[in-house]
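Peer 1: Chains as they are written, first to last, in my numbering: chain E, 8 to 573; chain U, 602 to 784.
See the structure below:
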């Protein structure tokens, strides 16, 4: 990379290479724009940089466990379920990027090319108008500036390329998409599905749609990806490209156009605003290796740094015109931050189907779309929750005694009956008091003010959790499940890894940051299409929606560029 | 090769220690084969652990705990993954275990006959007192021995086969109880 202003000038800059940044890169480069992707972490190349992907259990020194020293030094990331010996190299350690928790918030990050797209849970459910119309109907946040019809074609666009396995369920509250064939549900999952549809007119159990290639199409083979092999080792990076990640899909695709420049080790300090031109002209980057600050320029800038970091970048992009952060005329930047409530879980046993079991492994499960307050308000809390539903038979090892008797028992583990379990995915209500701010004096090693997170659950979340326990217990009991146990993980916000908001979309520049095209109301050539743009959270795993919003926004941005409107 | 780092470090330290310190013949105990960060274990204790793991899972017509180096795994896990409190308790428990062996059999575990070793473990299996350090040490060591054995290459390729690439998922197949395996 040369060092003249000319060599540092591109058509488009994308900040971040995770799930949404990867999509921005793909769409821009396919449309012929010379695109610079800035990634704060190291490079991770598909196949080459998955060091643990083909390891057997016995090849891990600690058989998957995290050492006590690592846990002690990294209490936050150690709470993440996927932070294990096989994938810990894809997570940010607590000390690498400190932040201030005004209230407990577990900020889980993946700083590398591909970001958290290597680590995500790969669940991909569409939103419906029951979700987009939520804030307007229930009187919180602001109205979404888009509806389902605006995003539906873009859901299709990204689903076809990413490869989504699903079943056409025909549910108005969870629209069908472009699906590859579903995998099977287990006999108990099918039993519960039938039970719920017979006993509850407005509740459904479906196959959980996921970003796995169950039957690769030519577009997937062209990406160099193959069929999902049901390894369930996704967090290590998949040598088959069986699930969707930026690394296996959008980034190599963008690379092949010849229009992509990928720059790892690049922390974006701020976006440069030109007071005369009245728009952004580029970004200031701190090279994490040389610590040197370098400027890059482009006509359009997409901010896809992941929700929290996108907020930081905008808050830190101050100018005479925008003293409180880029595009922040309304004062809402960093506020109305939200997440998903994943605190509740329930488990039980089922005495039936003793003559049946599963064979192989499944990367997904069954899913109960939100059934509370869908058509109208019916409970003492707003909105609702979706739930996973999974089942299986375990192996029980008898470990009493020692010697030959013990060894005999270890050789012959007992197959248990069926267990079932669900976890809660609750919508939280974005509030002004749930906010991100920058420290007035303390800075990180890249010269960026330290982040403060002031985020908490509220009474609505507590009521919803209680309802999750009640409703699931009732359904489990009626279905004949026994030994039902509910649990509240009491986990801090953030551990759901579904951070959303702070740079919300809305129709009114006085109460929102972004318009219906994810464009800053007050600085038209800057777009935000990651989790930061979310006006409300609904219950669906959000990545699919970020992908669709990104592709849609790039399409709009390129049209506007051609008309010289940006 | 997970233990390489330790082996290399160990050799390095042996060389420098050998030159700077005592002749080997003056050392009371042989050294542990592993370089440990937090706990102190000598060669006899390492042998004791190997024999203890072998009493827990003995070699028969199939490999035993020593064959899969379960004692080294125990040391790695105690040293790396136990909290300080648990490491301390495990070491104190190790001493209490040896004392119990002396009290019961008149000798330490390593010098005991197979029958004496089994008598000690039989006694430890019955201890219900959670405050008993020797029993805590024994149960923790046994748990790690079992974990090492059941996640060993032998076990996962010959006993309960682990498939790295299953390539299939069937949601509902007939359940056929497996024929009983001879250990």
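Positions of the beta carbon are idealized from the N, C-alpha and C atoms, including for glycine.
Bear in mind that the values here come from a model prediction, so they are computed numbers and not experimental data.
1. Compare the C-beta of residue 632(U) against all C-beta atoms of chain E and say whether one is closer than 8 Å.
2. Under a Cβ-count criterion, where at least 16 other Cβ atoms within 10 Å of its own Cβ denotes burial, should residue 447(E) be classed as buried or exposed?
3. List, in chain order, every chain E residue whose beta-carbon is nearer than 7 Å to that of residue 753(U).
4. Of all the residues that make up the segment 209 to 241 of chain E, which are near chain U by a beta-carbon distance shorter than 7 Å?
5. Kindly list, in the order they appear in chain U, the residues whose Cβ is closer than 9 Å to that of residue 368(E).
6. I'd like the list of long-range same chain contacts for residue 329(E), defined as Cβ closer than 7 Å, with 5 residues on each side in sequence excluded.
7. What do you get for residue 164(E), buried or exposed, if any count of 16 or more other CB atoms within 10 angstroms of its CB means buried?
8. Suppose you measure from the CA of residue 272(E) to the CA of residue 123(E); what does that come to, to the nearest Å?
9. Excluding sequence positions up to five away, which residues of its chain have a Cβ less than 6 Å from the Cβ of residue 701(U)?
10. Give the interface partners of residue 419(E) over in chain U, defined as CB-CB distance under 7 Å, in chain order.
11. At least one CB of chain U closer than 8 Å to the CB of residue 561(E): is that the case?
12. If contact means a Cβ-Cβ distance below 8 Å, which residues of the segment 402 to 430 of chain E contact chain C?
13. Within 10 angstroms of its Cβ, does residue 36(E) collect 16 or more other Cβ (buried), or is it exposed?
14. Three-state secondary structure (DSSP) at residue 615(U)?
15. Select from the segment 700 to 724 of chain U all residues with a C-beta closer than 9 Å to any C-beta belonging to chain E, and list them in chain order.
16. Is residue 41(E) helix, strand or coil by DSSP?
17. Bridge partners for residue 444(E) per DSSP, in chain order?
18. Check whether the Cβ atoms of residue 546(E) and residue 351(E) lie closer than 8 Å to each other.
19. DSSP three-state call for residue 158(E): helix, strand or coil?
20. Strictly by DSSP, which residues pair up with residue 302(E)?
21. Mind pulling the chain E residues with CB within less than 7 Å of residue 760(U)?
22. Is it a yes or a no for the segment 241 to 253 of chain E touching the segment 276 to 291 of chain E, going by three-plus beta-carbon pairs under 8 Å?
23. Any beta carbon of chain E sitting closer than 8 Å to that of residue 662(U)?
24. Which first and last residues belong to the alpha helix (DSSP H) in which residue 749(U) is found?
25. Just checking: is the beta-carbon of residue 775(U) within a distance shorter than 8 Å of some beta-carbon in chain E?
26. Should the segment 399 to 406 of chain E be regarded as contacting the segment 89 to 101 of chain E, the criterion being three or more beta carbon pairs within less than 8 Å?
27. Let's test the definition: count the other Cβ atoms within 10 Å of the Cβ of residue 762(U) and tell me whether it reaches 16, buried, or not, exposed.
28. Since residue 181(E) and residue 116(E) should fall inside the 8 Å C-beta cutoff, what is the C-beta to C-beta distance between them, to a whole number of angstroms?
29. Using a Cβ-Cβ cut-off of less than 7 Å, give me the residues of the segment 656 to 680 of chain U that come near chain E, in sequence order.
30. Using beta carbons (cut-off 8 Å, strictly below), is residue 69(E) in contact with chain U?
31. Can we say the segment 257 to 277 of chain E touches the segment 31 to 46 of chain E, given the rule of at least three CB pairs closer than 8 Å?
32. Does DSSP classify residue 343(E) as helix, strand or coil?
33. For residue 710(U), which residues in the same chain have their Cβ closer than 8 Å to its Cβ, ignoring the five residues on either side in sequence?
34. Does residue 636(U) come within less than 8 Å of chain E when only Cβ atoms are used?
35. Mind pulling the chain U residues with CB within less than 7 Å of residue 192(E)?
36. Suppose only complete runs of 4+ residues qualify. What are the alpha helix (DSSP H) ranges in the segment 618 to 693 of chain U, listed by chain order?
Peer 2: Let's see:
1. no
2. exposed
3. 65
4. 236, 237, 238
5. 764, 767, 769, 770
6. 280, 335
7. buried
8. 16 Å
9. 735
10. 781, 782
11. no
12. Checking the listed chains, one finds no chain C in this structure; the protein chains it contains are E and U.
13. buried
14. Since pLDDT at residue 615(U) reaches only 38, below the 50 mark, its modelled position is unreliable, and the value read off the structure follows with that caveat. Helix at residue 615(U).
15. 719, 722, 723
16. coil
17. 459(E)
18. no
19. helix
20. 291(E)
21. 418
22. no
23. no
24. 734 to 751
25. yes
26. no
27. exposed
28. Going by Cβ atoms, the distance from residue 181(E) to residue 116(E) rounds to 29 Å, so no, they are not a contact pair.
29. 656, 657, 658, 659, 661, 677, 678
30. yes
31. yes
32. strand
33. 649, 652, 653, 698, 699, 702, 718, 721
34. no
35. 772
36. 644 to 657, 671 to 682
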